[in-house]
Amino acid sequence: MKKAERIIQDWMLPGAIVLGISLYFIYRSIPALHAYGHTLSVAASEGQRLVIALLLFFQFVKISPHDLRFRSWHLIALLFQVLSFLALAAVTAFTGPGEIRIILECAMLCLICPTAAAAGVITEKLGGSIAGTVTYVTVSNLVATFLIPLVIPLVRPSANLGFWAYVGHIALKVFPLLILPGLIAWTIRYTTKKLQRKLMRWTRYSFYIWGVGLTLAMVLATKALVNSHLTAGAVTCIVIVSVGACALQFVTGRHAGHSPEASITAGQALGQKNTGFLIWLGYNYMTPVTSVAGGLYAIWQNLFNSWELYRKARGKL
1450 MKKAERIIQD WMLPGAIVLG ISLYFIYRSI PALHAYGHTL SVAASEGQRL
1500 VIALLLFFQF VKISPHDLRF RSWHLIALLF QVLSFLALAA VTAFTGPGEI
1550 RIILECAMLC LICPTAAAAG VITEKLGGSI AGTVTYVTVS NLVATFLIPL
1600 VIPLVRPSAN LGFWAYVGHI ALKVFPLLIL PGLIAWTIRY TTKKLQRKLM
1650 RWTRYSFYIW GVGLTLAMVL ATKALVNSHL TAGAVTCIVI VSVGACALQF
1700 VTGRHAGHSP EASITAGQAL GQKNTGFLIW LGYNYMTPVT SVAGGLYAIW
1750 QNLFNSWELY RKARGKL
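Yeah, the sequence shown ends on 1766 if you go by our numbering, and it's all consecutive.
In structure tokens:
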């Protein structure tokens, strides 16, 4: 049984990637389904949001509010995200329309995108701190919610929304996923201990729930890439940027931690992004084709996660 479970865990993430991509192309190959395209897209998008909220709920069930403590690596990771985002935004603001601007915008989004709610699932399996990850999930989402609306009007001056309208749009996307799971989990923690103990036993299934979320994310990412109509050269550049941003953030995070546990936690917190949010942000507020970067980033980060889990299972991490 344990051997079968290890095989499933080793191959679930790459399997979910392949399944998500395949499902989109199966949909495209069946004309009868095209009439339901919008409904299926909304179902995939909302289903992914539900999975993210459920994963975050299970993480909050396992920790108390007292566990959310700010560490030195949190500051290092935040400074890296904010300063690199601002530097790229300054360059982008003075760059004219074209593929170079698109590439710069992709890099901006990959670097400022907040941490995925599911990051704690992988972090815990690798031996990191789930409390440290959830703390950074909270902080990075708060910073992104207020920083992005302040910077985007400078990069995209044609946008007709003011600062608080941007804040409202992004906050409505982020806060329900971030706040409600924590409030519900902690209400249960302090009112019904028996139910909390039962939920604690169910948290072992978080990894498999994340597999469902990843499948849905890959359906949306494949759709964004196929419908982008980018040239081969532009796609190649976005691939390079997304791979580079992914590798840079995992490596930077690993070096930010001062202990093995902190190193793993910081690497996952900085490197594992909420790519669904990245796709939404690029499509709605930047050049729409930049949403492709979110789909590609999802592939790279989950291939890396699969490799790390494989090494961990064999005592090489």
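Just so it is clear, CB atoms sit at the ideal spot from N, CA and C, and this is done for glycine as well.
Keep in mind that this is a model prediction, so the values were computed, not measured.
From residue i to residue j, what distance separates their C-alpha atoms?
| i | j | result |
| --- | --- | --- |
| R1650 | H1515 | 21 Å |
| L1527 | L1558 | 14 Å |
| A1694 | L1532 | 14 Å |
| A1442 | F1519 | Because residue 1442 is not part of the residues shown, which for the chain are 1450 to 1766, the question remains open. |
| C1686 | W1749 | 15 Å |
| V1688 | Q1497 | 23 Å |
| A1580 | R1703 | 17 Å |
| R1646 | H1678 | 50 Å |
| T1544 | F1656 | 42 Å |
| V1661 | M1667 | 10 Å |
| Q1508 | A1718 | 14 Å |
| M1735 | K1574 | 35 Å |
| I1552 | L1697 | 16 Å |
| A1539 | S1494 | 32 Å |
| Y1654 | G1469 | 20 Å |
| A1536 | P1737 | 21 Å |
| V1616 | V1600 | 11 Å |
| V1592 | K1672 | 29 Å |
| I1479 | I1628 | 39 Å |
| N1676 | S1471 | 16 Å |
CB residue i to CB residue j, shorter than 8 Å?
| i | j | result |
| --- | --- | --- |
| V1583 | I1525 | no |
| C1555 | S1691 | yes |
| P1567 | I1633 | Looking at the sequence shown, residue 1567 is not Pro but Ala. It is not a contact, given that the beta carbons lie outside the stated cut-off. |
| A1505 | P1630 | Per the sequence shown, residue 1505 should be read as Leu rather than Ala. Yes. Within cutoff. |
| E1710 | G1576 | yes |
| L1560 | F1595 | no |
| Y1746 | K1761 | no |
| A1683 | V1604 | no |
| I1728 | A1670 | yes |
| I1619 | P1602 | no |
| W1460 | A1705 | no |
Can you tell me which residues form a DSSP beta bridge with residue i?
| i | result |
| --- | --- |
| T1652 | Looking at the DSSP assignment, T1652 forms no beta bridge with any residue, so it has no partner. |
| K1722 | T1564 |
Quick one: measure Cβ to Cβ for residue i and residue j, integer angstroms, because I've assumed they're closer than 8 Å.
| i | j | result |
| --- | --- | --- |
| G1743 | T1714 | Between T1714 and G1743 the Cβ distance is about 23 Å, and since that is not below 8 Å, they are no contact. |
| T1564 | S1589 | 5 Å |
| L1482 | Y1476 | 5 Å |
| N1751 | L1665 | The Cβ separation is near 13 Å, so there is no contact. |
Counting contacts by CB-CB distance shorter than 8 Å, is residue i in contact with chain E?
| i | result |
| --- | --- |
| A1593 | The structure shown contains no chain E, having only a single protein chain. |
At 4 residues or longer, what runs of the alpha helix (DSSP H) sit wholly inside the segment 1495-1544? Entirely contained in the segment 1495-1544, the alpha helix (DSSP H) runs reaching 4 residues are, in chain order, 1521-1542.
4 or more residues per run - each alpha helix (DSSP H) lying fully within the segment 1709-1753: Listed in chain order, the alpha helix (DSSP H) elements of length 4 or more contained wholly in the segment 1709-1753 are 1709-1720 and 1724-1734.
Contiguous alpha helix (DSSP H) assignments of at least 4 residues, all confined to the segment 1636-1709: Entirely contained in the segment 1636-1709, the alpha helix (DSSP H) runs reaching 4 residues are, in chain order, 1642-1651, 1655-1675 and 1681-1705.
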